[in-house]
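Chemist:
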């Protein structure tokens, strides 16, 4: 099957108070140029110093009991630390999604983005029916810039709205206000973007049900093609974590966040959006094709600092520090610091919970075909209890999926399988 390519662009205008991603504040143009040169070098189809080059997997062998296709960074860490570039995929694999994540990739100018896209096209065979996504934040783009992005093939914008409440935006240190989001959205439409996704966060400090309803109403009125919901998580070593620890901000109210989630389900369904994953909603035909690769266990190859990859047998991760990544690549070494091969038990577990995240559910026939065993026999009592509690259902077509109630308690369900 076609693979996805992920490019990490770590630079932001400022750092959000809740952010735990691999990001750096945009300090000067030369630092960005130096980083981009390193990404271009990583993208080159150079011969590894040791080991064989790794081709994209045969679609008939992916997820056989002897292989693994799993989103990197999940599950246990039976990792082999290695600086050797033995995981570089070979030239020519078919790719049908390209995703620029960050950070704030929209800080790149058109020339910089074009250089990366050109290198990806030279490295891989790119499908004519491709999805190219760039993550964008309000007030980081111009009409001319966006028109050039569209002209070079970018056809999807992942737009970091987060909230339309200025008080919450200030608390999150987002660096923009609600009017910036409204204005940038109009600019995206004017530039010709017909596939726009909104990110919204629920469970913010001091966020009320009325605040959330207002958020939903404004988002629905703007009619993006896709909406992703994130529940606020407090990560150590972030400014927000320190504010919570010192008592200046409250912990997220989980019950209130669950109520917000249920309100979102109801409102988005009424507005014509279809839930296709626990946290993702779209108009018909506008699923995130790139993100579906993670949940459907398709290959994704990452480039840039902290990028994660998997290929059908292994998953690997690049060094997390931006300058360490740049220096490593400049020295001619691989930025890969972790390589992990998953045992069958872990493969089964991750296959199960990733498929259950999707509203289409887990095809039990596919499970039996891939692993030669029956999930309903391996976890018979647990599945029976979940059915009795109304958390999962088994369909006549031999599919197991979460109910709406089950999605509210998905972590409890997933915990049994992992």
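In the numbering used here, the protein residues as written are 3 to 420. Just so it is clear, CB atoms sit at the ideal spot from N, CA and C, and this is done for glycine as well. The structure displayed is predicted, hence computed values, not measured ones.
Which residues share a DSSP beta bridge with residue 103?
Modeler: Beta-bridge pairing links residue 103 to 10.
Chemist: How should residue 135 be labelled, buried or exposed, when 16 other C-beta atoms within 10 angstroms of its C-beta is the threshold for buried?
Modeler: Looking at its Cβ environment, which holds 16 or more other Cβ atoms inside 10 Å, residue 135 is buried.
Chemist: By how many angstroms is the C-alpha of residue 182 removed from the C-alpha of residue 415?
Modeler: About 40 angstroms.
Chemist: Among 285, 347, 255, 292, which one has its Cα closest to the Cα of residue 137?
Modeler: Checking every option, the nearest Cα to that of residue 137 belongs to 292.
Chemist: Taking contact to mean 3 or more Cβ pairs, one atom from each stretch, closer than 8 angstroms, check whether the stretch 186-203 and the stretch 154-162 are in contact.
Modeler: Judged by Cβ distances under 8 angstroms, the stretch 186-203 makes contact with the stretch 154-162, as three or more pairs qualify.
Chemist: Assuming residue 107 and residue 324 make a contact with CB atoms under 8 angstroms, what is their CB distance in whole Å?
Modeler: Their Cβ separation, rounded to whole angstroms, is 14 angstroms, which puts residue 107 and residue 324 out of contact at 8 angstroms.
Chemist: Using a threshold of 8 angstroms, state whether the C-beta atoms of residue 186 and residue 222 are closer than that.
Modeler: Not closer than 8 angstroms, so no.
Chemist: Tell me the residue span of the beta strand (DSSP E) that contains residue 222.
Modeler: Premise fails: residue 222 lies in the alpha helix (DSSP H), 211-224, not in any beta strand (DSSP E).
Chemist: Have a look at the DSSP bridge pairing and note the partners of residue 365.
Modeler: Paired residues: 401.
Chemist: May I ask which residues mark the beginning and end of the alpha helix (DSSP H) holding residue 189?
Modeler: Note, residue 189: alpha helix (DSSP H), 180-192.
Chemist: Residue 41 to residue 348, Cα distance in whole Å?
Modeler: Cα to Cα, the separation comes out at about 31 angstroms.
Chemist: Going by beta carbon distance, what residues of the same chain come within less than 6 angstroms of residue 283, once the five residues before and after it are set aside?
Modeler: Only 229, 270, 275, 277 meet the Cβ criterion.
Chemist: Please confirm whether residue 211 and residue 409 have their CB atoms less than 8 angstroms apart.
Modeler: It is not a contact, given that the beta carbons lie outside the stated cut-off.
Chemist: Give me the Cα-Cα distance between residue 140 and residue 178, rounded to the nearest whole angstrom.
Modeler: In a straight line, the C-alpha of residue 140 is about 6 angstroms away from that of residue 178.
Chemist: For residue 232, count neighbouring C-beta atoms within 10 Å of its own C-beta (all shown protein chains included) and say buried if the count is 16 or more, exposed if not.
Modeler: Flag for residue 232 reads exposed.
Chemist: So what's residue 123 in DSSP terms, helix, strand or just coil?
Modeler: Three-state result, residue 123: helix.
Chemist: Report yes or no: is there a C-beta of chain C within less than 8 angstroms of the C-beta of residue 41?
Modeler: The chain inventory of the structure shown lacks chain C, comprising one protein chain alone.
Chemist: May I have the straight-line CA-CA distance separating residue 326 from residue 336, to the nearest angstrom?
Modeler: So the alpha carbons of these two residues sit roughly 11 angstroms apart.
Chemist: Return yes when the Cβ of residue 321 is within less than 8 angstroms of the Cβ of residue 330, no when it is not.
Modeler: In contact: residue 330 and residue 321 (Cβ atoms closer than 8 angstroms).
Chemist: Taking a contact to mean a Cβ-Cβ separation below 8 angstroms, would you say residue 400 touches residue 376 in this structure?
Modeler: No, the Cβ-Cβ distance between residue 400 and residue 376 is not below 8 angstroms.
Chemist: What is the DSSP secondary structure of residue 374, reduced to helix, strand or coil?
Modeler: Reduced to three states, the DSSP call for residue 374 is coil.
Chemist: Keeping to the same chain, check which residues put their C-beta closer than 7 angstroms to that of residue 214; ignore five residues upstream and five downstream.
Modeler: Same-chain partners within the cutoff: 204, 262, 265.
Chemist: If we require 3 or more residues per run, which beta strand (DSSP E) segments fall completely within the stretch 264-346?
Modeler: Those beta strand (DSSP E) runs which fall completely within the stretch 264-346 and span 3+ residues are 276-279, 282-284, 302-305, 310-312, 317-320, 338-342.
Chemist: With respect to the beta strand (DSSP E) encompassing residue 158, which residues constitute its N-terminal and C-terminal limits?
Modeler: Per DSSP, residue 158 belongs to the beta strand (DSSP E) from 158-164.
Chemist: Report yes if the C-beta distance between residue 152 and residue 195 is below 8 angstroms; otherwise report no.
Modeler: Yes.
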